[in-house]
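*Asks:*
Number of protein chains: 2
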Amino acid sequence: MEGSRSAPARPGTNLPRIADFNQAVILNAVRHAPEGLSRVELAELTGLSAQSVSNITRRLLDRELITEAGTLVPAGRGKPRTLLRLHAGGHFAIGVHVDPTVTTVALLDLVGDVVASVRTLPASAASPPRLVEAITAAADGLVAATGVDARRVLGLGIAAPGPLDPGTGVVLEPPLLPGWAHVGLRGLLHEATGYPVVLHKDAAAAALAELWRGPRGSAAALEDFVFLYLGTGLGAGLVVGGELLSGTTNNAGEIGHLMVDTDGPRCNCGQRGCVGAACMPRNLVAEAAGVGLLRRPGTDDREIDELFTDLCALAADGSAPARRILEASAFRLARGAATVSNLLDVRAVVFGGPIWDRISDVYLPILRETLLTTTEARRVHPVTALGSSLGADVGAIGAGCLVLEHAFSTRPATLLLGAREDAVAATP
Amino acid sequence: MEGSRSAPARPGTNLPRIADFNQAVILNAVRHAPEGLSRVELAELTGLSAQSVSNITRRLLDRELITEAGTLVPAGRGKPRTLLRLHAGGHFAIGVHVDPTVTTVALLDLVGDVVASVRTLPASAASPPRLVEAITAAADGLVAATGVDARRVLGLGIAAPGPLDPGTGVVLEPPLLPGWAHVGLRGLLHEATGYPVVLHKDAAAAALAELWRGPRGSAAALEDFVFLYLGTGLGAGLVVGGELLSGTTNNAGEIGHLMVDTDGPRCNCGQRGCVGAACMPRNLVAEAAGVGLLRRPGTDDREIDELFTDLCALAADGSAPARRILEASAFRLARGAATVSNLLDVRAVVFGGPIWDRISDVYLPILRETLLTTTEARRVHPVTALGSSLGADVGAIGAGCLVLEHAFSTRPATLLLGAREDAVAATP
Chain A
5 MEGSRSAPAR PGTNLPRIAD FNQAVILNAV RHAPEGLSRV ELAELTGLSA
55 QSVSNITRRL LDRELITEAG TLVPAGRGKP RTLLRLHAGG HFAIGVHVDP
105 TVTTVALLDL VGDVVASVRT LPASAASPPR LVEAITAAAD GLVAATGVDA
155 RRVLGLGIAA PGPLDPGTGV VLEPPLLPGW AHVGLRGLLH EATGYPVVLH
205 KDAAAAALAE LWRGPRGSAA ALEDFVFLYL GTGLGAGLVV GGELLSGTTN
255 NAGEIGHLMV DTDGPRCNCG QRGCVGAACM PRNLVAEAAG VGLLRRPGTD
305 DREIDELFTD LCALAADGSA PARRILEASA FRLARGAATV SNLLDVRAVV
355 FGGPIWDRIS DVYLPILRET LLTTTEARRV HPVTALGSSL GADVGAIGAG
405 CLVLEHAFST RPATLLLGAR EDAVAATP
Chain B
5 MEGSRSAPAR PGTNLPRIAD FNQAVILNAV RHAPEGLSRV ELAELTGLSA
55 QSVSNITRRL LDRELITEAG TLVPAGRGKP RTLLRLHAGG HFAIGVHVDP
105 TVTTVALLDL VGDVVASVRT LPASAASPPR LVEAITAAAD GLVAATGVDA
155 RRVLGLGIAA PGPLDPGTGV VLEPPLLPGW AHVGLRGLLH EATGYPVVLH
205 KDAAAAALAE LWRGPRGSAA ALEDFVFLYL GTGLGAGLVV GGELLSGTTN
255 NAGEIGHLMV DTDGPRCNCG QRGCVGAACM PRNLVAEAAG VGLLRRPGTD
305 DREIDELFTD LCALAADGSA PARRILEASA FRLARGAATV SNLLDVRAVV
355 FGGPIWDRIS DVYLPILRET LLTTTEARRV HPVTALGSSL GADVGAIGAG
405 CLVLEHAFST RPATLLLGAR EDAVAATP
């Protein structure tokens, strides 16, 4: 079989089936060219023969994974070429973001655009069975409301706080969700919805969303970046060489207890100066209450979230003490971002998540300046701080992208429970 | 070209030439099976046709990259199969480790075994031109002394302190080598020796050595690990999915200023509690001198190294204050190792480098205990602390492995200056 490109051998692993592989190659090439590609260009890009490209694109057209979209007339000689694109409305994915403060369910089309989304009970206010019920109702409702054929839904992805057990699909003991020890969320949702279900960490899903939507988003064309996810807690999603780096058990990105300030606040781990504690709305709100800027909050995550919105509004309205609290947090986060970028040698750190839009005005200038001036590789290349353009729904979008990624990938980084025989990557 | 495995497409990148790719696939399969593989097994492992395997192995035999080594007689029916192995003596690589305290030059055979090695002037005691002269003499001397045909030397690898500029092969401003700002070490050594030359960071090279020699070494069969390199300074080498993770400009692994102790010693960066400062022999020796255990050292790196040996000997002989100094350092290093393993979700951290053999008795139990009990993923999998078995020469071995890796890889992570047309991976 010389005459075709092959992946480097890793003896002992199972090699993917050949037809799957080449089909995924074509599908990914089309995915990365939203403006469309002709069959001739596909052959050039992938090294596959014209005959193979023709066979594979025929199958992909039949399955409504790609579609013919316009014609390219070459500038010089040559006949017009039909352009192929992903068939946006051919298939869909459901993304669910489980956060202590809010649960978001989104319906994505095949190119990763949000068709519709809805918010439901936050995980901190619902028992696991009750939340599974609410998510199922929300997912079914979105599918019904949009008139999408449920058979065109490839699966349901969940983005949840770590640590997770990827083999069993269990949310272990997320420190910010006290009632959620060892919940088999993947299995419960598969049972309740009937969809194939994939589970990954919130920050990893957010990074995947940025990668998937990149060409239209803020991290355009970036192949190596860290996504710092700011929500009820802090996590990192790592992207290396255009792929999510998930670690040996999908638990990469735990940076909450990265130490960033010898004079920082005490963390619940017993140490001082952890970056997670320095950015948690709960702690920032408590600090503001301590100096009389806000009323003292209870333990309800939604109440804390509302008070945090008030704190950000105070800073925006010119309150110097409110601003100082946020700035101190930003400097600590910046040091954490610099530490991670020193370790991985990335060109950008993307910031986003549920609280990002409220803090970006104060945080982003500090993050930019710190990354440009203090990283170890600054003499070789700048490290840029970027704000995510995907807003508060980045977790849910990422959760949907987990399903798309699984369908498109030859080497999925996640386990899809209940994957069907007729799934995208299967040989026809 | 359906019917053969293909790598996932990454449109826009240059696709390696097909024959190179399949040849590298075969070569890597043989490399990872030191016990030997038959042509039938190679076809099964790689998915290539019997005819392709036969053609490629013929070429590799002609070039003395592989060799026929014995015959496997199947237990049941079937005819005896000739086993193929790497031809250890067919080709060689020179590895050079440049450290402020010592410069090591090693000659490796094609399987990565050290044929001969020699120590020469340390970088802190020689100007760059003088050091290039000494390295050239050492390399030529090793080749002459072992009777190796210089035409069989694939190239020379250098492991040096970062940061580095990979495009130009320049050592930028290593903080522990004050006289070494912007030295074009790769170009100078290529000019002086005539060999193709590759340059990478010391810690990355050490990690590669562990990966390359793994099946016989301590990190056997590990595909995901962090190598913490302890020398004049501290650096990290990252291995993910069986490959070196070098970052966007080969500068990944800068962890010297990772904060690990709010009460830690002051670092030259102005911060307190940096993990690099907590493990530097220079600081530990100064601390010991401060409490009267040792005489106060000057600035000479070799003198500091000798005093550090004395400090370790004191601890081994039962001196409680000497032991306390090393233990405090070990706890700080352990916290740094836990932080990095939390970020990357690895199963092991391997410790090694020039000072490792002197400190392992005190450090390893503390590192083991901390990694087992404090990592975030401990409920999913243990994180193991391992000592490198490659000794003080791990940097030089890794430097040689950079050349081997380049020759074997379809996607080399480093730039080889002066690579020849007849290099291993080229199409015949």
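Going down the list, the sequences are from chains A and B. The numbering of the first sequence is the numbering used here, which starts it at 5 and goes up by one. The numbering of the second sequence is the numbering used here, which starts it at 5 and goes up by one. Don't be surprised by glycine CBs; every beta carbon is placed ideally from N, CA and C. Bear in mind the structure is a predicted one, so any value in this text is a computation, not a measurement.
Among A:A92, A:R81, A:A79 and A:V122, which has the Cα closest to the Cα of V34 of chain A?
*Replies:* As a first step, residue 34 of chain A is located in the first sequence; it is residue number 30 there, counting from the start. It is A:A92 whose Cα lies nearest to the Cα of V34 of chain A.
*Asks:* I'd like to know if D169 of chain B contacts chain A, where contact means its C-beta is closer than 8 Å to some C-beta of that chain.
*Replies:* Here residue 169 of chain B corresponds to residue number 165 of the second sequence, with the count starting at 1. So, interface residue.
*Asks:* Just to confirm before moving on: does the CB-CB distance between T71 of chain B and R89 of chain B stay below 8 Å?
*Replies:* Translated into the one-based positions of the second sequence, residue 71 of chain B becomes position 67. Translated into the one-based positions of the second sequence, residue 89 of chain B becomes position 85. It is a contact, given that the beta carbons lie within the stated cut-off.
*Asks:* Measure how close the beta-carbons of L238 of chain A and A211 of chain A come, nearest whole angstrom, since I'm counting them as under 8 Å.
*Replies:* Counting from one through the first sequence, the residue named residue 238 of chain A turns up at place 234. Counting from one through the first sequence, the residue named residue 211 of chain A turns up at place 207. That pair is no contact at about 13 Å.
*Asks:* Under a CB-based cut-off of 8 Å, is M263 of chain B close to chain A?
*Replies:* Position 259 of the second sequence, counting from 1, holds the residue named residue 263 of chain B. Yes - at least one Cβ of chain A is within 8 Å of the one on M263 of chain B.
*Asks:* Can you confirm whether A324 of chain B, when its beta carbon is compared against all beta carbons of chain A, has any partner nearer than 8 Å?
*Replies:* Sequence index remark: in the second sequence, residue 324 of chain B carries index 320 (1-based). It does not: the Cβ of A324 of chain B has no partner Cβ on chain A nearer than 8 Å.
*Asks:* Let me confirm a value: A37 of chain A is counted as buried when at least 16 other C-beta atoms fall within 10 Å, else exposed. Which label applies?
*Replies:* The sequence position of residue 37 of chain A within the first sequence is 33, counting from 1. With 16 or more other Cβ atoms within 10 Å, it is buried.
*Asks:* Along the stretch 232 to 259 of chain B, where does the CB come closer than 8 Å to a CB of chain A? Name the residues.
*Replies:* A240, L242, V244, G246, L249, S250, G251, T252, T253, N254, N255, A256, G257, E258 and I259
*Asks:* From E291 of chain B to L262 of chain B, what does the alpha carbon distance come to, in whole angstroms?
*Replies:* Position 287 of the second sequence, counted from the first residue, corresponds to residue 291 of chain B. Position 258 of the second sequence, counted from the first residue, corresponds to residue 262 of chain B. E291 of chain B and L262 of chain B: Cα-Cα distance of roughly 20 Å.
*Asks:* Sort out for me which residues DSSP pairs F231 of chain B with in a bridge.
*Replies:* To locate residue 231 of chain B, count along the second sequence from 1; it is residue 227. BP columns for F231 of chain B point to B:G241 and B:V354.
*Asks:* Between the stretch 339 to 359 of chain B and chain A, which residues of the former have CB atoms less than 7 Å from a CB of the latter, in chain order?
*Replies:* Answer set for the stretch 339 to 359 of chain B: T343, V344, N346, L347, L348, D349, V350 and R351.
*Asks:* Just to make sure I have the definition right: I need the residues of chain A whose C-beta is within less than 9 Å of the C-beta of T374 of chain B. Which are they?
*Replies:* Position 370 of the second sequence holds residue 374 of chain B. Those do not exist, as T374 of chain B stays about 13 Å from chain A at its closest Cβ, beyond 9 Å.
*Asks:* Measure from the C-beta of T75 of chain A to each C-beta in chain B and report whether the shortest distance is under 8 Å.
*Replies:* In the first sequence, the residue the question calls residue 75 of chain A occupies position 71. Output row for T75 of chain A: interface = no.
*Asks:* For H385 of chain A, return the contacting residues in chain B, with the cut-off set at a CB-CB distance below 9 Å.
*Replies:* As a first step, residue 385 of chain A must be located in the first sequence, where it is residue number 381. Under the 9 Å cutoff, chain B gives T252, T253 and N255.
*Asks:* Tell me, please, whether the CB atom of T266 of chain B is closer than 8 Å to any CB atom in chain A?
*Replies:* By one-based count along the second sequence, residue 266 of chain B stands at place 262. T266 of chain B has a beta carbon lying within less than 8 Å of a beta carbon in chain A.
*Asks:* Between E214 of chain B and chain A, is any beta-carbon pair separated by less than 8 Å?
*Replies:* Here residue 214 of chain B corresponds to residue number 210 of the second sequence, with the count starting at 1. So, not an interface residue.
*Asks:* DSSP three-state call for S56 of chain B: helix, strand or coil?
*Replies:* Translated into positions along the second sequence, residue 56 of chain B becomes position 52. Helix at S56 of chain B.
*Asks:* Compare the C-beta of E177 of chain A against all C-beta atoms of chain B and say whether one is closer than 8 Å.
*Replies:* Start at 1 with the first residue of the first sequence, and residue 177 of chain A comes out as number 173. So, interface residue.
*Asks:* Return yes when the Cβ of G173 of chain A is within less than 8 Å of the Cβ of L189 of chain A, no when it is not.
*Replies:* On the first sequence, position 185 is the one that residue 189 of chain A refers to. On the first sequence, position 169 is the one that residue 173 of chain A refers to. In contact: L189 of chain A and G173 of chain A (Cβ atoms closer than 8 Å).
*Asks:* Looking at T71 of chain B and the ligand FAD, is the gap between the Cβ and the nearest heavy atom below 7 Å?
*Replies:* Among the components modelled here there is no ligand, and therefore nothing to report on the ligand FAD.
*Asks:* Determine, for D228 of chain B, whether the minimum Cβ-Cβ distance to residues of chain A falls below 8 Å.
*Replies:* Mapped onto the second sequence, residue 228 of chain B falls at position 224. Chain A, which has a Cβ nearer than 8 Å to the Cβ of D228 of chain B, makes this yes.
*Asks:* Please say whether P104 of chain B and T236 of chain B have beta carbons closer to each other than 8 Å?
*Replies:* Taking the first residue of the second sequence as position 1, residue 236 of chain B is located at position 232. Taking the first residue of the second sequence as position 1, residue 104 of chain B is located at position 100. Taking 8 Å as the Cβ cut-off, T236 of chain B and P104 of chain B qualify as a contacting pair.
*Asks:* When the Cα atoms are used, what is the spatial distance from G40 of chain B to A73 of chain B?
*Replies:* Against the second sequence, residue 40 of chain B aligns to sequence position 36. Against the second sequence, residue 73 of chain B aligns to sequence position 69. One C-alpha to the other measures close to 7 Å.
*Asks:* H204 of chain B bridges to which residues according to DSSP?
*Replies:* Indexing the second sequence from 1 puts residue 204 of chain B at position 200. Answer is B:A163, bridged to H204 of chain B.
*Asks:* By the three-class DSSP mapping on this structure, what secondary structure does S333 of chain A have?
*Replies:* Counting from 1 along the first sequence, the entry for residue 333 of chain A is found at position 329. Three-state DSSP puts S333 of chain A in a helix.
*Asks:* Taking the beta strand (DSSP E) that H101 of chain B falls in, what are its first and last residues?
*Replies:* Here the question's residue 101 of chain B lines up with position 97 in the second sequence. Counted as a single uninterrupted DSSP element, the beta strand (DSSP E) harbouring H101 of chain B occupies residues F96 to V102.
*Asks:* With 8 Å as the threshold, decide whether the Cβ of A381 of chain A is near any Cβ in chain B.
*Replies:* Translated into the one-based positions of the first sequence, residue 381 of chain A becomes position 377. Yes, A381 of chain A counts as interfacial toward chain B.
*Asks:* Taking 8 Å as the CB-CB cut-off, is R300 of chain B touching chain A?
*Replies:* Locating residue 300 of chain B in the second sequence gives position 296, where the first residue counts as 1. Interface annotation, R300 of chain B: not in contact with chain A, CB-CB separation never under 8 Å.
*Asks:* Rounded to whole angstroms, what is the Cα-Cα separation between S333 of chain B and A342 of chain B?
*Replies:* Walking along the second sequence from the start, residue 333 of chain B turns up at place 329. Walking along the second sequence from the start, residue 342 of chain B turns up at place 338. Taking the straight line from one Cα to the other gives about 14 Å.
*Asks:* Mind checking which residues open and close the beta strand (DSSP E) that includes S121 of chain A?
*Replies:* Taking the first residue of the first sequence as position 1, residue 121 of chain A is located at position 117. Its beta strand (DSSP E) spans residues V118 to T124.
*Asks:* Apart from the five residues just before and just after P84 of chain A, which ones in its own chain have a Cβ nearer than 8 Å to its Cβ?
*Replies:* For this step, residue 84 of chain A is matched to residue 80 along the first sequence. Leaving aside the five residues that flank P84 of chain A on each side, the residues in its chain whose CB is nearer than 8 Å to its CB run, in chain order, T75, L76, V77 and P78.
*Asks:* Less than 8 Å between CB atoms is the rule here; does R85 of chain A satisfy it with respect to chain B?
*Replies:* To locate residue 85 of chain A, count along the first sequence from 1; it is residue 81. It does not: the Cβ of R85 of chain A has no partner Cβ on chain B nearer than 8 Å.
*Asks:* Do H204 of chain A and A163 of chain A come within 8 Å of each other at the CB atom, strictly closer than that value?
*Replies:* Start at 1 with the first residue of the first sequence, and residue 163 of chain A comes out as number 159. Start at 1 with the first residue of the first sequence, and residue 204 of chain A comes out as number 200. With respect to the 8 Å criterion, A163 of chain A and H204 of chain A are classified as neighbours on the basis of their beta carbons.
*Asks:* Determine the DSSP secondary structure at S364 of chain A, reduced to helix, strand or coil.
*Replies:* Numbered from its first residue, the first sequence carries residue 364 of chain A at position 360. S364 of chain A falls in the helix class under three-state DSSP.
*Asks:* Between which two residues does the beta strand (DSSP E) harbouring V3 of chain A extend?
*Replies:* No answer is possible for residue 3 of chain A: it lies beyond the span of chain A, which begins at 5 and ends at 432.
*Asks:* In chain B, which residues lie less than 7 Å from R276 of chain A when you measure between Cβ atoms?
*Replies:* For the purposes of this step, residue 276 of chain A is taken as the residue at position 272 of the first sequence. Correct list: T266.
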